[in-house]
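Q: I have a structure here, written as structure tokens, and I will follow up with some questions on it.
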Amino acid sequence: MEHRQLGRSGLMVSRLGLGTMTWGEGTDPTEAAGQLRAFVAAGGTLVDTADVYCDGRSEQILGSLLGSVVDRHELVLATKAGLTPHGYDSSRRHLLSALDRSLDRLGVDNVDLWQVHAHDPNTPYEETLAALDEAVSSGRTRYVGVSNYNGWQLATAATWQRSWPTRCPIVSDQVEYSLLQRDPEREVLPAALACGTSVLAWSPLGRGVLTGKYRLAIPVDSRAARDRLEDFVAPYLGEQSARIVESVATAADGLGTTALAVALAWVRDQPGVAAPLVGARTTVQLKAALAADDLTLPDEIRDALDDVSDVL
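Heads up: the sequence shown runs through residues 34 to 345, numbered per the numbering used here.
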């Protein structure tokens, strides 16, 4: 698998990342181990988690697999902090305490990438960013990034960090980006390119809709069929989304591949994107995504998908 530079840093990551949001709920430790083996065997390195995923169980499961399933040095280990059951908290107190708890659950002394999970309007930028600097200077993380920051939030944070030589640069912004969610093209991608920051794309398959599994009905074992997650998928089940999904399926038929592969390749090769993050419930699902790594979309297919999904 090809590896790409993250921002203007020296950190290289696989151009497909493994998301672990379901680890601890929809994905048990045995299935998680199978996913991790398959991912590393395919050349993947970037594994992303967060302190709030399944109330910390995602980090615990990932930590239990380090050393037994894969060596720690084989992975670019990424986690996040800044969300709480009550909202946002990017204060120095919360962030650094959350990082220490994450390291404990993961069973490591440091992570490779630590990200602020979301912008906190109640905490000054300088306090949040000073916590990132402290995390790097103390050796608890190698690099820092943000998540779910819009364009001006990213530009503000990145510019503040670049304004003084001793501050650690923002190397990435993790945002939702797919053929069904192209809003990052308005501000985030231009800001990232201008600031030398990479984008990590979460839910690159449109919350699963771009795989085509919802074309005829809602599968009983899908997210949309589960009370807790149906609202997460519902925004992408309308008529406009259906037209985009049909176009993806038509392109896949013409290329002799899957809708999943087409949707994933489209995001992966967008300017400014370092890696889409794929979260699979099963190893079989993950292997289908890994098999898409060889696909490069012809220009005419990419242009057609751009046109049918254009929201700008």
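Ideal Cβ placement from N, Cα and C applies to all residues, glycine included. What you are looking at is a predicted structure, and each value in this text was computed from that prediction instead of being measured.
So which of L233, Q214, Q318, Q194 has the shortest CA-CA distance to K246?
A: As a working note, residue 246 is residue 213 in the sequence shown. When each option's Cα is compared against that of K246, the closest is Q318.
Q: Measuring only the C-alpha atoms, how far is G140 from Q68?
A: Position 107 of the sequence shown, counted from the start, is the residue given in the question as residue 140. Position 35 of the sequence shown, counted from the start, is the residue given in the question as residue 68. Cα to Cα, G140 sits roughly 19 Å from Q68.
Q: Applying the 10 Å Cβ sphere with the 16-neighbour rule, what's the burial state of E64?
A: Within the sequence shown, numbered from 1, the residue matching residue 64 stands at position 31. Buried, by the Cβ-count rule.
Q: Taking the alpha carbon of P331 as the reference point, which residue from G40, S130, A298, Q38 has its own alpha carbon closest?
A: Position 298 of the sequence shown, counting from 1, holds the residue named residue 331. Residue nearest to P331 within the set G40, S130, A298, Q38 is A298 (criterion: CA-CA distance).
Q: Between which two residues does the beta strand (DSSP E) harbouring Q148 extend?
A: The count along the sequence shown starts at 1 and reaches residue 148 at position 115. Counting along the chain, the beta strand (DSSP E) containing Q148 begins and ends at 144-149.
Q: Is it buried or exposed for A74, if we count other Cβ within 10 angstroms and need 16 for buried?
A: As a position in the sequence shown, residue 74 is number 41, starting the count at 1. It counts as exposed.
Q: When burial is assigned at 16 or more other CB atoms within 10 Å of the CB, is N155 buried or exposed?
A: Residue 155 sits at position 122 when you count from the first residue of the sequence shown. N155 should be labelled exposed.
Q: Pull the bridge partners of K113 from the DSSP assignment, please.
A: Within the sequence shown, residue 113 is the residue found at index 80, counting from 1. Bridge partners of K113: Q148.
Q: Go ahead and label R219 buried or exposed: buried means 16 or more other beta carbons lie within 10 angstroms of its beta carbon, across all protein chains shown.
A: Counting from 1 along the sequence shown, the entry for residue 219 is found at position 186. Result: exposed.
Q: By the three-class DSSP mapping on this structure, what secondary structure does D137 have?
A: The count along the sequence shown starts at 1 and reaches residue 137 at position 104. DSSP places D137 in helix when its eight states are reduced to three.
Q: Determine contact between the stretch 293-311 and the stretch 197-215, defined as no fewer than three beta-carbon pairs at a distance below 8 Å.
A: yes
Q: Over the uninterrupted alpha helix (DSSP H) stretch that includes S91, give me the two end residues.
A: The count along the sequence shown starts at 1 and reaches residue 91 at position 58. Per DSSP, S91 belongs to the alpha helix (DSSP H) from 90-98.
Q: Closest to D153 by C-alpha separation, out of V300, S123, R173, would be which residue?
A: Counted from its first residue, the sequence shown places residue 153 at position 120. D153 has its Cα closest to that of S123, out of V300, S123, R173.
Q: Buried or exposed, going by whether 16 or more other CB atoms sit within 10 Å of the CB of A257?
A: The residue labelled residue 257 in the question sits at position 224 within the sequence shown. With a pLDDT of only 42 at A257, under the threshold of 50, the placement of this residue in the model should not be trusted, and no figure is reported.
Q: Please list the terminal residues of the continuous beta strand (DSSP E) segment that includes V179.
A: As a working mapping, residue 179 is identified with position 146 in the sequence shown. Counting along the chain, the beta strand (DSSP E) containing V179 begins and ends at 174-180.
Q: Please name the residue in A267, V232, A225 whose C-alpha comes closest to that of L243.
A: For this step, residue 243 is matched to residue 210 along the sequence shown. For the residues A267, V232, A225, the minimum Cα distance to L243 belongs to A267.
Q: Tell me whether D122 sits in a helix, a strand or coil according to DSSP, three-state version.
A: The residue given as residue 122 occupies position 89 in the sequence shown. Note: D122 maps to coil in three-state DSSP.
Q: By alpha-carbon positions, which one of R126, V103, D88 ends up nearest to T161?
A: Start at 1 with the first residue of the sequence shown, and residue 161 comes out as number 128. Comparing Cα-Cα distances from T161 to each of R126, V103, D88, the minimum goes to R126.
Q: Is T199 buried or exposed, if buried means 16 or more other CB atoms sit within 10 Å of its CB?
A: Start at 1 with the first residue of the sequence shown, and residue 199 comes out as number 166. Per the 10 Å Cβ criterion, exposed.
Q: Quick one: what's W197 bridged to in DSSP?
A: As a position in the sequence shown, residue 197 is number 164, starting the count at 1. DSSP output for W197 lists no bridge partner at all.
Q: Suppose you measure from the CA of N183 to the CA of T283; what does that come to, to the nearest Å?
A: Stepping through the sequence shown from its first residue, residue 183 is reached at position 150. Stepping through the sequence shown from its first residue, residue 283 is reached at position 250. When rounded, the distance between both Cα atoms is 32 Å.
Q: Out of curiosity, what's the CA-to-CA distance linking A234 and D206?
A: By one-based count along the sequence shown, residue 234 stands at place 201. By one-based count along the sequence shown, residue 206 stands at place 173. So the two alpha carbons sit approximately 9 Å from each other.
Q: Leaving out the 5 sequence neighbours to the left and right, which residues in its chain are closer than 8 Å to E107 when beta-carbon positions are compared?
A: On the sequence shown, position 74 is the one that residue 107 refers to. Excluding sequence neighbours, E107 sits near V73, T78.
Q: Let me know if Q38 comes out buried or exposed under the rule of 16 or more other beta-carbons within 10 Å of its beta-carbon.
A: As a working mapping, residue 38 is identified with position 5 in the sequence shown. Flag for Q38 reads exposed.
Q: What's the call for S135, buried or exposed, on a 16-neighbour Cβ count within 10 Å?
A: Walking along the sequence shown from the start, residue 135 turns up at place 102. S135 should be labelled buried.
Q: Whose C-beta lies closer than 6 Å to the C-beta of Y86 among residues of the same chain, with five residues either side of it excluded?
A: Here residue 86 refers to the residue found at position 53 when the sequence shown is read from its first residue. So the qualifying residues of the chain are M54.
Q: With a CB to CB cut of under 7 Å and the five nearest residues on each side skipped, what residues in its chain are close to L116?
A: Sequence index remark: in the sequence shown, residue 116 carries index 83 (1-based). Excluding positions up to five away in sequence, the list reads V85, H150, A151.
Q: Hey, how far is the Cα of V169 from the Cα of L44?
A: Within the sequence shown, residue 169 is the residue found at index 136, counting from 1. Within the sequence shown, residue 44 is the residue found at index 11, counting from 1. Taking the straight line from one Cα to the other gives about 14 Å.
Q: Roughly how many angstroms lie between the CA atoms of R248 and A190, to the nearest whole one?
A: On the sequence shown, position 215 is the one that residue 248 refers to. On the sequence shown, position 157 is the one that residue 190 refers to. Their backbone Cα atoms lie some 41 Å apart in a straight line.
Q: Looking only at C-alpha atoms, which of V300, G241, V103, Y158 sits nearest to V179?
A: Within the sequence shown, numbered from 1, the residue matching residue 179 stands at position 146. When each option's Cα is compared against that of V179, the closest is Y158.
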